[in-house]
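*Asks:* Let me give you the structure first, and then I'll get to my questions.
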Amino acid sequence: MKATPKIAVFDTTLRDGEQAAGTRLGKRDKMTIARQLAKLRVDIIEAGFPASSPEDFDAVREIALGVEGPTICALSRAVPSDIEACGKALAKARRPRIHTGIGVSDIHIMGKFQDDRYGKTLEGKKDKLVAIAVDAVKRARNCSAEVQFYAEDAGRSDPEYLYRMLEAVIAAGATVVNIPDTTGYTVPEQYGALIAGIKKNVPNIDKAVISVHCHDDLGLAVANSLAGVINGARQVEGTINGIGERAGNAAIEEVVMGLRTRHDYYGVSTGIEPKEFFRTSRMVADMLGMPVPANKAVIGTNAFSHSSGIHVDGFLKNRQTYEIMRPEDVGLNESRVVLTARTGRAGLRARLEKLGYKLEKEEIESLYQRFLTVADKKQEVLDEDLAAIVHDELPQTETAIKLDSLHVFSGTGAIPTATIRLHLKGVLKQGASIGDGPVDAVYKAIAAITGVKAKLLRYEIRAITGGTEALGEVNVHLELDGRRAMGRGASTDIVEASAKAYVDGLNRVM
Ligand code: KIV
Ligand code: ZN
Numbered sequence: 032m033k034a035t036p037k038i039a040v041f042d043t044t045l046r047d048g049e050q051a052a053g054t055r056l057g058k059r060d061k062m063t064i065a066r067q068l069a070k071l072r073v074d075i076i077e078a079g080f081p082a083s084s085p086e087d088f089d090a091v092r093e094i095a096l097g098v099e100g101p102t103i104c105a106l107s108r109a110v111p112s113d114i115e116a117c118g119k120a121l122a123k124a125r126r127p128r129i130h131t132g133i134g135v136s137d138i139h140i141m142g143k144f145q146d147d148r149y150g151k152t153l154e155g156k157k158d159k160l161v162a163i164a165v166d167a168v169k170r171a172r173n174c175s176a177e178v179q180f181y182a183e184d185a186g187r188s189d190p191e192y193l194y195r196m197l198e199a200v201i202a203a204g205a206t207v208v209n210i211p212d213t214t215g216y217t218v219p220e221q222y223g224a225l226i227a228g229i230k231k232n233v234p235n236i237d238k239a240v241i242s243v244h245c246h247d248d249l250g251l252a253v254a255n256s257l258a259g260v261i262n263g264a265r266q267v268e269g270t271i272n273g274i275g276e277r278a279g280n281a282a283i284e285e286v287v288m289g290l291r292t293r294h295d296y297y298g299v300s301t302g303i304e305p306k307e308f309f310r311t312s313r314m315v316a317d318m319l320g321m322p323v324p325a326n327k328a329v330i331g332t333n334a335f336s337h338s339s340g341i342h343v344d345g346f347l348k349n350r351q352t353y354e355i356m357r358p359e360d361v362g363l364n365e366s367r368v369v370l371t372a373r374t375g376r377a378g379l380r381a382r383l384e385k386l387g388y389k390l391e392k393e394e395i396e397s398l399y400q401r402f403l404t405v406a407d408k409k410q411e412v413l414d415e416d417l418a419a420i421v422h423d424e425l426p427q428t429e430t431a432i433k434l435d436s437l438h439v440f441s442g443t444g445a446i447p448t449a450t451i452r453l454h455l456k457g458v459l460k461q462g463a464s465i466g467d468g469p470v471d472a473v474y475k476a477i478a479a480i481t482g483v484k485a486k487l488l489r490y491e492i493r494a495i496t497g498g499t500e501a502l503g504e505v506n507v508h509l510e511l512d513g514r515r516a517m518g519r520g521a522s523t524d525i526v527e528a529s530a531k532a533y534v535d536g537l538n539r540v541m
């Protein structure tokens, strides 16, 4: 019997996903997500772009050291110093992979490599870029047995040039060739034909795995990825919830559930544990402050709810009438563990570990005190509450500003007034302000005390779990001197949550 071909799943939530406008993950959050991706059993985690910042370098190094299971990959341009940074960041990885590459479409070649040192004509530049790519792959192979090459903007490239480039980099040692539709321009038939063309026309293609990396500018990233698989790709790239540059990347949960649910059509398998999809999706949404739309395929809260009379009637008679996947397959409706004020430190620690948080003893102690306060108010503490508590209590960054206390006066006919005490680099300061509403008054008071006038780009509030006693979570997006950052805060008091989110955002943006 013929074995089912296996498709490797390459997750780039922590690299391409994190490039989503206005989002930046702290080191601790990245590590927690990477551990969860290992539980989801992705084959490769692209942990970051080490040459882009010291924070990215550290995050890749720590993930390479601390996350077992998947191959850990780091991105570089075809630039020697980038490749060196990848080699260093991945030095302790059990299975490292360097992902290097260069633009291959005429638009990229003429637009990004204008300097004459890359050649004077399009043809001259094309020759030069092949030489640069070959050199990059050879350098990467000195640091890592697995080298993945990306042909940036392959979706809009001249196929003949793409074949030439791929043949050269495979001969230089690339073990995987990634064919990105960087701008989300292609349509499924075209992208599928591109992959088929590569299989047919690149003479040494049997020495490398073909990977698909699709963006969602026309809403076709998942369809294009699946068309790539049908035509011979054996690795799919994407992000959780489809987050990423502009309209995002292919959503991994959709590609994988597409392959699974339509196994009859695709005839391939993955090593993914789909029951971890829901938990992973919510973790990424919470940490990036990008909530999942209710109607999102596979993991949206409405993805398995039936409301019209005809549908409900049919569903109750036989769920297969209106359901092609079961919610439990993707971890929805998993029986929920509820913690209460009677839960001890050991119970709290065990639950946090299950959720992927590895914490020091002192951290557990401070979390436990906060957990008790929440449990007293809410009676039942759910996983989502715990994630918010961890984020609140254990900041990602050095905190220059810390909220000490706040007092707010507001009501019908009253002028909203906030009095705030903050620790500013360890010194207690206080100030007051009036505003258009209680949150506005709080933000003005914080700005007056700190002297930092960040622009509030976005303010979102949501109840983390149901009920009026639920923890409220506020997400803000701030801009200061051209830099952007997200801040989060949670409390059963929404004005306090708003203040915490603003302070968190200020600490990050500064
Ligand atoms: O979309 C793209 O081309 C990329 C590459 C850097 C792999 O993300
Ligand atoms: Zn991309």
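So the mapping is simple: our numbering equals the position in the sequence shown, first residue as 1, plus 31. Glycine included, every Cβ here is placed at the ideal spot set by N, Cα and C.
Since Glu504 sits in a beta bridge, which residues does DSSP pair it with?
*Replies:* Residue pairing by DSSP places Glu504 opposite Arg493, Ala521 in a beta bridge.
*Asks:* Tell me the DSSP bridge mates of Cys245?
*Replies:* Asp212
*Asks:* CB of His609 to nearest heavy atom of the ligand KIV: below 8 Å?
*Replies:* No statement about residue 609 is possible, as the shown extent of the chain runs from 32 to 541 and does not include it.
*Asks:* Nearest-angstrom Cα distance between Ile261 and Glu504?
*Replies:* 42 Å
*Asks:* Closer than 8 Å: is that where the CB of Thr43 sits relative to any heavy atom of the ligand KIV?
*Replies:* yes
*Asks:* Excluding five sequence neighbours on each side, which residues of the same chain lie with their C-beta closer than 6 Å to the C-beta of Phe144?
*Replies:* Lys156
*Asks:* When every heavy atom of the ligand KIV is checked, does at least one fall within less than 8 Å of the C-beta of Asp1?
*Replies:* For the chain, the structure presents residues 32 to 541; residue 1 sits outside this window and is missing.
*Asks:* May I ask whether a heavy atom of the ligand KIV can be found less than 8 Å away from the beta carbon of Leu193?
*Replies:* No, since every heavy atom of the ligand KIV falls outside the 8 Å radius drawn around the Cβ of Leu193.
*Asks:* Count the CB pairs spanning the segment 313-327 and the segment 416-423 that are closer than 8 Å, and state whether there are at least three.
*Replies:* yes
*Asks:* Could you check what DSSP says for Lys33 in three-state terms: helix, strand or coil?
*Replies:* coil
*Asks:* Helix, strand or coil: how does DSSP classify Ser312 here?
*Replies:* helix
*Asks:* Does the Cβ-Cβ distance between Met196 and Thr292 come in under 9 Å?
*Replies:* no
*Asks:* Looking only at DSSP bridge pairs, what is His454 linked to?
*Replies:* His454 pairs with Lys433, Leu459.
*Asks:* From Ala264 to Ile241, what does the alpha carbon distance come to, in whole angstroms?
*Replies:* 5 Å
*Asks:* I want to check one thing, is the minimum distance from the CB of Glu211 to the heavy atoms of the ligand KIV below 8 Å?
*Replies:* Going by the sequence as given, residue 211 is Pro instead of Glu. Yes.
*Asks:* Give me the Cα-Cα distance between Ala501 and Leu403, rounded to the nearest whole angstrom.
*Replies:* 14 Å
*Asks:* Count the CB pairs spanning the segment 375-390 and the segment 280-292 that are closer than 8 Å, and state whether there are at least three.
*Replies:* no
*Asks:* Any beta carbon from chain C within less than 9 Å of Val200's own beta carbon?
*Replies:* The structure shown contains no chain C, having only a single protein chain.
*Asks:* Consult DSSP for Glu177 and reduce its assignment to one of helix, strand or coil.
*Replies:* strand
*Asks:* Could you check whether the segment 439-459 touches the segment 468-477, counting it as contact only if at least three pairs of C-beta atoms, one from each stretch, sit closer than 8 Å?
*Replies:* yes
*Asks:* May I have a chain-ordered list of the beta strand (DSSP E) segments no shorter than 3 residues that lie completely inside the segment 80-147?
*Replies:* 102-108, 127-134
*Asks:* Ile38 and Thr301 look like a contact to me (Cβ under 8 Å); what is the Cβ gap, rounded to whole Å?
*Replies:* 5 Å
*Asks:* Rounded C-beta distance between Glu415 and Gly362? I'm assuming under 8 Å.
*Replies:* Glu415 to Gly362, Cβ: 14 Å. No contact.
*Asks:* Once DSSP output is grouped into helix, strand and coil, what is the label at Leu259?
*Replies:* It is worth fixing the name first, because residue 259 is Gly in this sequence and not Leu. Helix at Gly259.
*Asks:* Considering just the uninterrupted stretch of the beta strand (DSSP E) at Asp42, what are its terminal residues?
*Replies:* 39-42
*Asks:* I'd like to check one pair, Pro219 with Leu251: are the Cβ atoms closer than 9 Å?
*Replies:* yes
*Asks:* According to DSSP, what are the bridge partners of Lys486?
*Replies:* Glu510
*Asks:* To which residues of the same chain is Ala472 closer than 8 Å at the C-beta, ignoring the five residues directly before and after it?
*Replies:* Val439, Ser441, Pro447, Thr448, Ala449, Ser464, Ile465, Gly466
*Asks:* Can you give me the C-alpha to C-alpha distance between Gly378 and Ala203, rounded to a whole angstrom?
*Replies:* 53 Å
*Asks:* Taking only heavy atoms of the ligand KIV into account, decide whether any of them is closer than 8 Å to the Cβ of Glu177.
*Replies:* Checking the 8 Å criterion, the Cβ of Glu177 is out of range of every heavy atom belonging to the ligand KIV.
*Asks:* Mapping DSSP to helix, strand and coil, what is Glu183?
*Replies:* Strand.
*Asks:* Using a 10 Å radius around the Cβ and a threshold of 16 neighbouring Cβ atoms, would you call Ala131 buried or exposed?
*Replies:* Note that residue 131 is Thr in the sequence shown, not Ala. Buried.
*Asks:* Which same chain residues end up closer than 6 Å to Gly468 when comparing Cβ atoms and leaving out the 5 residues on each side of it in sequence?
*Replies:* Pro447
*Asks:* Could you name the residues that DSSP lists as bridge partners for Glu77?
*Replies:* Cys104
*Asks:* I'd like to check one pair, Ala406 with Thr374: are the Cβ atoms closer than 9 Å?
*Replies:* yes
*Asks:* Is Val369 buried or exposed, if buried means 16 or more other CB atoms sit within 10 Å of its CB?
*Replies:* Exposed is the label assigned to Val369, since fewer than 16 other Cβ atoms lie within 10 Å of its Cβ.
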